[in-house]
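Notes for the one structure printed next.
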Amino acid sequence: MNGSASKPKVLIPVALGTNRDHDLAVAFEAAGAEAHCVPLSALRSGEVSLVDFQLLGVPGGFSYGDALGAGRLLGLDLAGWFGDQLHAAVDAGMPVFGVCNGFQALVRAGLLPGNDRHAVLTDNASRRFECRWVTLDPVSTSSVWTQNLREPLRCPIAHGEGRFITDDPGGLAAADQVAFRYVASDSAAADGAYPANPNGSLADIAGVCDSTGLVLGLMPHPEDHVAARQDPLRGRSPSGLCLPLFQAGVAAVA
Amino acid sequence: MTQLRDHTILIGPGKTSRREGGGAESVVDQAHRFGVNVDEITELRVVHLRGALTDAELVTLTDRLLVNPIGEWAIPLADHDPKGLVIETGLRPGVTDREGAELVRGAAELGIDLEAATIARRWVVDAAIDQAQAETLARRVLHNDVIERWTLGALAAAFTDPGAQSPATTLIGVRDLDDSGLAEINARRRLGLDPEEMIVIRDHFASEERDPTDAELETLAQTWSEHCAHKTFRAHITLEHLDGSIDTIDGLMGSLLRKSTDEINAPWVHSAFVDNAGIVAFEPGWDIALKAETHNHPSALEPFGGSNTGVGGVVRDILGVSAKPVAITDILCFGPQDTDPADLPAGVLHPQRIRDGVIAGVGDYGNKIGVPNIAGAIVHDPSYTTTPLVFAGCFGLLPEGANPTAAQPGDAIVVLGGAVGRDGVGGATFSSQTMGVETAEIAGSSVQIGDPIVEKGLIDVVLEARDRQMYTAITDCGAGGLSSAVGEMAEELGARVDLQAVPRKYPGLAPWEVWLSEAQERMVVATPDPAPLLALAERWSVGASVIGEFTGDARLVVVDGEEPLIDLSCAFLHDGRPQRKMRALAVDRSRPARQHASFDNTTMLLDLLAHPSIRSNEDVVRTFDHEVLGGTLVRPYGGVAGDGAADGTVVVPPGTSGKRGMAIGIGVNAVIGQHDPYAMAWNVIDEAVRNVVIAGADPHELSLLDNFAWGNPTDPATLGSIVAACTACHDAALVYGAPFVSGKDSLYNVFVPPGGEPDPVAPTLVLTAVGIVKNLDVVPLTGVVQAGSDIWLVGPDSGALGASHVDVVLGADHGGAVPEADPTAIGRHGEVADAIAAGVVRSAHDLSEGGLAVAVAEWAHAGRLGVALEVDSSPEVLFGEGMARYLIEADPSDASRFSELVPSARRIGSVTSEPVVRLGDITVSLDAIAAAWTGHHGAPPTPANERPGAAQ
């Protein structure tokens, strides 16, 4: 790790079809990191290496066109030729952030929820792509990413395959691996009701972390609410800026 | 030699559809619409694999690539015991198949060698239906013959034939043909050329003492097509006025549309009409590129693919001027959703299927390339039943002066993007002709299927290549494929191309098909040094090939290896077409006096709110990503609960100073143009301007896009209607000082049923306005904000009822003047903009379809507050339509300041905390408004045969 004088560097890998890499870079830079969007081919060729970074952010989009299920093929990349580096980095304490398609890929790759717990992100209950703002209650107390989150976050979702299903929701909660739950705009429990829970996720789970709290994945896009201007309630009752989430990750390695 | 083995795996449990009712329509609901009474349909995936696989490889592949770890299973298809009737559907061989290609690639990642793969669908119907019903279900609901095959029971896998031979290039004997012989070739090859053009082509080749090759003839047909050459808008027109006097117009484009832009000579316009898109100033250092396109004919046949590639095409237009796409728009026109299937001519898809497919296609492309879809409109009118209209727009951002446009002799021609197939062969000529019952069959190959993630890669490559100054010119491969792209780039220089270097999806393509294929997601660039560009493309996993060079000899020469294909003079190709001579009859704009129509005002308001052209489209807009890129400031739906309609929308383009916004407004009206296309054009321009003014833009610095969709222009009355609309565009642009910077005309939007009368679309002009928001802090909010605010009405107290939505709801034309062209409107736009700039406008909404009553209802709903207005109860006041009319909410303490800034405003009421809207004799609760506006109100839709103007 470099000295505190230089900004932490975050690697944002870009697959064919990734499209929220720019948004994620903007969020990490607003939080004080130096973001690098790098095509997977450059990681594969060895031109760029994960060991030169302090953070990994797997961005949203439609890697490989969502063929064979969202995140499946990017997950194959992450678990395959990228897997050893990735596990070594997490073992060494690197925070990893996966959003939307990045979350789907981390789940497919087995990094989330991890510990042989099974989860899938499948078609929204509505069976439609949905883009709308949601409210997220930060649940996990141990993840590096959710430190300092005092109030619910608000940000948009934009996905068609975001319904979180797991065979062990109780175990996830008990292990403090539920990072975020969807809640109503007044912070009341969503209890599965649309649109507060926009996709029918089990137990209103919007994001999970691994058992170390270093690896976080979530379906909504906090990277699209890091400036007050982005809030659709601008001028009425703005709230839930997501910048502290990125600041926590960056602070952990600064 | 490897032994081929085919494996077929079924993945379950699949998705089971039942009757939904309400908004979302399932396949079971659709089946019922066609009289097939089933309760459940389950959709499973059938995976066809070709390759010599071990059992262990098959298990690995299934576990890692095909099933989910929770809740899914895979079995050999032969082991499936379906509880019901089975129908299978699958893509035709050669149709773009991203899933199949990724399965092969994913298997390779796992070290498993697959030769080919494709995924089909198995539909299990849980009811006893007879053969005829099963066929109806398959044809009308489950599959589209243009791109798919179907069968009862198991569908055999179909892969492209790796050994297919390419047909040879042939000579087409035209030298010795008379007029009827030329007409026969024109019809047989569906060239769509005018008889005069065929004669010019014959004489040209006679003078060269040879006959053209098929490729040369097809290249001429494509270059001279209406779609590419805009020959109606460039024609010499003889216009016959009602009084018998005659005018001539030497090209609508040059003498009206471009002429107004030249006369305005706006300093912010950096490029108009010459490139793939218009280019205007945004802020120091940055320009905006803008363009809107139509994709009507393809969307009628294959709604998903048609609209999907419509978005893809317009995004490439923006990329074709070296700009980063930052916003998408879509304007969609459909027939009534409750059309009785029995009333549809053969060969026409049901309007509901068209709508569902088009919306899904628009969303799929924009969502996948990661460009926010931030503005649009959906219009319903019976005239769009047989011919839907799909307009797609795109806005981009580029550093000022960053679009190079000067290829040099010796520059290499590089194609970036995907490989070519038979998809989209002949699209340019197909979309330049009327459609009939046989069109789907003949034009099947004209429909393209998009692959948006390839285009996302293209965006990344082109923008980096631009910043590294790797190319000297760029254009997109759209209609006409390489023929159009290379042909246009080589217009002055000439080029030599070898088709052997063009990557193909499969063998068996004729050389002319490779040349004209409209396979999507390709750009053509000129570069003096291709090596770094090829390396850059590889880095981003995008295909790139050098296919030839620009020569400087002003000839277009194409060979396929050793075989000569095309050798045409660029002068003949681009300037040899004889100017079309056309006749137009001026429009009779007179209107009968208004006849009394009796109705209850409250009922009328609720019926208007529920009308498909007025009601909320939030459910549609929520399927489009309008947040990606993080720059969206004013969304299409906003207000307290995110369900109130905004007027204009605003994007703060990423990478700019963040101090300015780009405001986008859209105007469209299906009704007025059926009576008075001149007034219609003024009104839609005004609507687009109102929208950007409310979004905070300066109305004295606007740029406009025109999109014309009309019927057959060889009909003099239709051409007269086009002339009237173009004249209005010219007149309004000058009065508003707002230049047109790009546009597109789509003609021949006519369906000709067998033995029946041609059924053209309503004359439809879609107007897109873009303006600059110079102060983001004063942009008015969507929906009323605070109880106690004053409400001001800007503009006349009453509007016109002729061609209004009141008559649409009543289902009959009751006469009366249409909303007139109002040259004083620009003054009111300026006043409102001044008040917004002064920070005294809390929120605003414009009066458009349905007039004052609809506007105030939408506005109150968005803010979840009541509004009480003191106005009288005449239909002209409550529902009349007209230009430059606004509702403004302002703080009572700003009243004197507001009335100074907006002298044309009159204070008519206030915002209340009671959840009720009152105006005239109307009292209606917010709940009733919401129920009607979101479609839960039982208003009868307009009968198909009683629309205003149906008899004209």
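Taken in sequence, the protein lines are chains A and B.
Per our numbering, the first sequence runs over residues 30 to 283.
Per our numbering, the second sequence runs over residues 336 to 1287.
Positions of the beta carbon are idealized from the N, C-alpha and C atoms, including for glycine.
Remember, it's a predicted structure, so these values are computed and weren't measured experimentally.
In this structure, DSSP gives residue 1007 of chain B a helical state, which the three-state scheme calls helix. At the C-beta level, residue 168 of chain A and residue 249 of chain A stay beyond 8 Å of one another. Taking residue 1138 of chain B as the centre and dropping the five residues before and after it, the same chain places the C-beta of 1006, 1007, 1010 and 1153 closer than 6 Å to its C-beta, in chain order.
Interface residue (Cβ-Cβ distance to chain A less than 8 Å): residue 592 of chain B is not classified as such. For the pair residue 958 of chain B and residue 73 of chain A, the CB atoms are not nearer than the 8 Å cut-off.
Note that the C-beta distance between residue 419 of chain B and residue 462 of chain B is below 8 Å.
Taking all protein chains shown into account, residue 78 of chain A has fewer than 16 neighbouring C-beta atoms within 10 Å of its C-beta and is therefore exposed. Residue contact check for residue 149 of chain A against chain B: a CB pair falls below 8 Å. Under the 8 Å criterion on CB atoms, residue 875 of chain B is classed as interfacial with respect to chain A. Taking a Cβ-Cβ threshold of 8 Å, none of the residues of chain B is close to residue 129 of chain A; the smallest such distance is about 10 Å. Fewer than three Cβ pairs drawn from the segment 618 to 636 of chain B and the segment 914 to 934 of chain B lie within less than 8 Å of each other, which leaves the two stretches out of contact. In the structure shown, residue 626 of chain B falls within a strand segment according to DSSP collapsed to helix, strand and coil. Positions of the alpha helix (DSSP H) runs, each at least 4 residues long and wholly inside the segment 782 to 809 of chain B, are given as 787 to 802 in order along the chain.
If you check the CB distance, residue 232 of chain A and residue 198 of chain A come in under 8 Å. At a C-beta separation below 9 Å, residue 881 of chain B has no neighbours in chain A, since its nearest C-beta there lies roughly 20 Å away. Interface criterion met: the Cβ of residue 705 of chain B is under 8 Å from a Cβ in chain A. Chain order gives the chain B residues near residue 48 of chain A as 704, 705, 791 and 963, where near means a beta carbon separation below 7 Å. Ranked by Cα distance from residue 556 of chain B, the options B:1021, B:535, B:526 and B:582 are led by B:526. Taking a beta-carbon distance threshold of 8 Å, residue 494 of chain B does not count as an interface residue toward chain A. Of all residues in the segment 422 to 446 of chain B, only 433, 434, 435, 436, 437, 438, 440, 441, 444 and 445 place a beta-carbon less than 9 Å from a beta-carbon of chain A. DSSP, reduced to helix, strand and coil, places residue 837 of chain B outside both helices and strands of the structure shown, so it counts as coil.
Taking a Cβ-Cβ cut-off of 7 Å, residue 205 of chain A has no neighbours in chain B, whose nearest Cβ is about 22 Å from it. Neighbourhood of residue 1229 of chain B in chain A, by CB distance below 7 Å: empty, with the nearest CB roughly 16 Å away. As the crow flies, the alpha-carbon of residue 263 of chain A is around 46 Å from that of residue 374 of chain B. Contacts with chain B at 8 Å (Cβ-Cβ) include residue 159 of chain A. For residue 179 of chain A, not one C-beta of chain B is nearer than 8 Å to its own C-beta. Sixteen is the threshold: when 16 or more other Cβ atoms of the shown chains lie within 10 Å of the Cβ of residue 1194 of chain B, as they do, the residue is buried. Rounded to the nearest angstrom, the gap between the Cα atoms of residue 1164 of chain B and residue 1071 of chain B is 10 Å. Closer than 8 Å to the CB of residue 259 of chain A there is at least one CB belonging to chain B. Under the DSSP assignment, residue 694 of chain B falls in the alpha helix (DSSP H) whose first and last residues are 686 to 704. When DSSP states are grouped into helix, strand and coil, residue 1062 of chain B belongs to the helix group.
Around residue 185 of chain A, the beta-carbon contacts reaching into chain B at under 7 Å are 962.
Inter-segment contact for the segment 1016 to 1035 of chain B and the segment 977 to 989 of chain B is present: three or more beta-carbon pairs are separated by less than 8 Å.
Under the Cβ criterion of 8 Å, residue 71 of chain A is counted among the residues facing chain B. Here the segment 1048 to 1066 of chain B lies against the segment 584 to 592 of chain B, with 3 or more beta-carbon pairs under 8 Å apart. When DSSP states are grouped into helix, strand and coil, residue 598 of chain B belongs to the helix group.
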